[in-house]
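Here the structure is laid out as C-alpha cells; the discussion comes afterwards.
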C-alpha cells in the first residue's frame, strides 16, 4: 500500500487503521483457503476496484481502489466487481 489512504467516518473520525486491519484479515483468510478469484463491491471505500466514494458523504465517486482491493491487487489476486460476474464464469474456459 502506498500510505495514501485516509478514511474518515461521517463524524470525521479517522478509521483508516480499522480498514487496514480488516483488509489484512481478508488477505490472510483468502490466502489460508487458497482463493485466487475474488468478487468485490464496486464504489466501496474498502472493496471498490475502479471507483470509490470521495469521502464527502455526498454520493460522489472518484477513480481509485479501496483499501482491501488495493491490498489484494498488490498480492496478485484476480479481482472483479459485481458488474463483472459474467467474466468470472468464463475463467475456466
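Numbering (my numbering), first residue to last: -8 to 84. Just so it is clear, CB atoms sit at the ideal spot from N, CA and C, and this is done for glycine as well.
The alpha-carbon of residue 61 is positioned some 17 angstroms away from that of residue 52. For residue 16, the uninterrupted alpha helix (DSSP H) segment begins and ends at 7 to 23.
Bridge pairing for residue 70: 29 [DSSP]. For residue 70 and residue 56, the gap between their C-alpha atoms comes out near 11 angstroms. Contact between residue 41 and residue 54 holds: CB atoms are separated by about 7 angstroms, below the 8 angstroms threshold.
DSSP, reduced to helix, strand and coil, places residue 43 within a strand of the structure shown. Following the DSSP letters along the chain, one finds residue 52 inside the beta strand (DSSP E) bounded by residues 52 to 54. Here residue 11 is near residue 58, since their CB atoms are less than 8 angstroms apart. Under the DSSP assignment, residue 59 falls in the alpha helix (DSSP H) whose first and last residues are 58 to 65.
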